[in-house]
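The structure appears below as structure tokens.
Residue numbers (this note's numbering): 37 to 228.
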């Protein structure tokens, strides 16, 4: 029985930026960009260090990279509204956020009040030093929600993260379109 729904942030609730940054980076430096992104996700470098390193790799200024990040992080208002509706329709269902993200990023996207209204638990990779698709990340999110992984459904835009959620015992929805995600979630919640 599903007792918790966990959302990814980038590619689900907000537009992702790594693809935009990859497009700015010369092909021979993309592996290094992936490594810098992982360092940020795990909290080993700050947001400013991340921006500075991406600027170096892509031969742009830090201000240009910061602007690209802001442009890429477009809110998916339809899914945010769905979370509000989910919380009203199913008040017993816990809602979580599990995101691979560097420091000082989520705080730029959600106000503290929004985070409290939308989510019962927030697990951010940089703060925990664990990232998806690691089983530990999913187990930590379930634990923070007070449920077992088998009682959770994870919504993510990456297949490897969905596979990681399933390996941890969760159900998973691969987010490709809002209408499809909402229909699949409604179907899973209907099984309750």
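We put the CB at the ideal spot given by N, CA and C, even for glycine.
C-beta contact flag for residue i and residue j at 9 Å
i: residue 168; j: residue 117; result: no
i: residue 131; j: residue 40; result: yes
i: residue 45; j: residue 151; result: no
i: residue 189; j: residue 154; result: no
i: residue 199; j: residue 208; result: yes
i: residue 78; j: residue 183; result: no
i: residue 115; j: residue 212; result: no
i: residue 95; j: residue 62; result: yes
i: residue 181; j: residue 42; result: yes
Which of helix, strand or coil DSSP assigns to residue i
i: residue 37; result: coil
i: residue 156; result: coil
i: residue 149; result: helix
i: residue 188; result: strand
i: residue 130; result: strand
i: residue 210; result: strand
i: residue 80; result: coil
i: residue 111; result: strand
Identity of the residue in the options nearest residue i by Cα
i: residue 196; options: 188, 163 and 171; result: 171
i: residue 48; options: 120, 91 and 113; result: 113
i: residue 179; options: 156, 193, 224 and 194; result: 156
i: residue 93; options: 209, 174 and 64; result: 64
i: residue 109; options: 56, 182, 166 and 89; result: 56
i: residue 60; options: 150, 121 and 104; result: 104
i: residue 223; options: 194, 176 and 122; result: 122
Same chain, Cβ closer than 7 Å to residue i, neighbours up to 5 away in sequence not counted
i: residue 187; result: 37, 38, 39 and 40
Close-in-space but distant-in-sequence residues of the same chain around residue i (CB under 8 Å, 5 per side omitted)
i: residue 50; result: 109, 110, 111, 112 and 145
query = Should the segment 154 to 166 be called in touch with the segment 128 to 141, which here means at least 3 C-beta pairs below 8 Å?
reply = yes
query = With a cut-off of 8 Å, do at least 3 Cβ pairs link the segment 121 to 129 to the segment 88 to 102?
reply = Note that the segment 121 to 129 does not touch the segment 88 to 102; fewer than 3 beta-carbon pairs, one per stretch, sit closer than 8 Å.
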